[in-house]
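Structure first, then comments.
The following block contains the structure:
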């Protein structure tokens with residue numbers, strides 16, 4: 409029998425829930441973290457691997473002065489036209505998937521963490537995962553966080569939230585949940601507890617269990 413690959417935890421959450429803050433804390437504990445948003449930013453940066461295809465498909469109107477993708481212009485375009493959004497996804501998603509797999513193959517720890525904002529909405533990565541972890545907070549907190557850190561209007565943020573799973577459905581579909589509605593001390597404690605749980609679950613295991621094997625052992 410071939411050796412089993414190490415466990416992969418899929419981290420997800422709605423916009424403004426605090427996925428990056430949680431991922432940074434797992435990384436500080438020595439976990440190999442692969443963030444699909446970070447990969448997407450690299451692909452669409454100046455001289456990014458996706459930029460020639462994006463320029464050819466969408467034209468100069470979505471290219472910033474430095475040669476990177478103008479994210480605001482592209483956001484406006486794809487939100488208004490689902491066909492154009494699908495066209496962009498057709499360029500980016502295969503590249504993001506390939507790079508995610510490459511990075512996941514490099515680590516050595518007992519488990520890795522894959523950050524995917526639309527984990528359940530797309531379903532692309534679910535077959536890779538041993539468990540799923542949702543970061544949760546109230547919607548009004550999501551809204552205020554995103555508006556503070558970006559130039560998006562309340563209407564724009566609400567439109568993004570409406571395109572994502574509801575909080576209740578995301579929590580119901582996840583094996584584990586971290587509540588990020590409190591202070592940083594509370595967040596640090598929850599991350600530490602989950603990390604110990606994952607280490608205990610996967611260190612020395614013959615094979616990482618599948619997500620469906622954990623229905624009755626959910627760690628909230």
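Residue numbers (our numbering): 409 to 628. Positions of the beta carbon are idealized from the N, C-alpha and C atoms, including for glycine. Bear in mind the structure is a predicted one, so any value in this text is a computation, not a measurement.
- With fewer than 16 other CB atoms across the displayed protein chains lying within 10 angstroms of its CB, residue 531 is exposed.
- Listed in chain order, the beta strand (DSSP E) runs fully inside the stretch 502-565 are 519-523, 539-544, counting runs of at least 3 residues.
- In this structure, DSSP gives residue 462 a helical state, which the three-state scheme calls helix.
- The shortest CA-to-CA distance from residue 413 to any of 484, 529, 446, 516 is the one to 516.
- Here residue 508 is buried, its C-beta having at least 16 other C-beta atoms within 10 Å.
- Among the bridge pairs identified by DSSP, residue 482 is matched with none.
- Under the DSSP assignment, residue 599 falls in the alpha helix (DSSP H) whose first and last residues are 592-610.
- Under DSSP, residue 452 takes part in no beta bridge, so it has no partner.
- Look at residue 435 here: in three-state DSSP terms it is helix.
- By the criterion of at least three beta-carbon pairs nearer than 8 Å, the stretch 579-590 is in contact with the stretch 537-554.
- Taking 8 Å as the cut-off, the beta carbon of residue 587 is found closer than this to the beta carbon of residue 598.
- In this structure, residue 441 places its C-beta atom within 8 Å of the C-beta atom of residue 523.
- Excluding its 5 nearest sequence neighbours in each direction, residue 416 has C-beta neighbours in its own chain below 8 Å: 512, 519, 520, 521, 522, 536, 537, 538, 616, listed in chain order.
- When the Cα atoms are used, residue 550 and residue 589 turn out to be separated by approximately 9 Å.
- In the three-state reduction of the DSSP assignment, residue 445 falls in the helix class, which pools H, G and I.
- Per DSSP, the beta bridge partners of residue 415 are 519.
- In terms of Cβ geometry, residue 462 and residue 477 form a close pair [threshold 8 Å].
- In the structure shown, residue 471 adopts extended strand secondary structure according to DSSP, grouped into three states.
- Cβ-Cβ separation between residue 481 and residue 467: approximately 10 Å, too far for a contact (criterion under 8 Å).
- By the CB criterion at 8 Å, residue 427 and residue 490 fall outside the cutoff.
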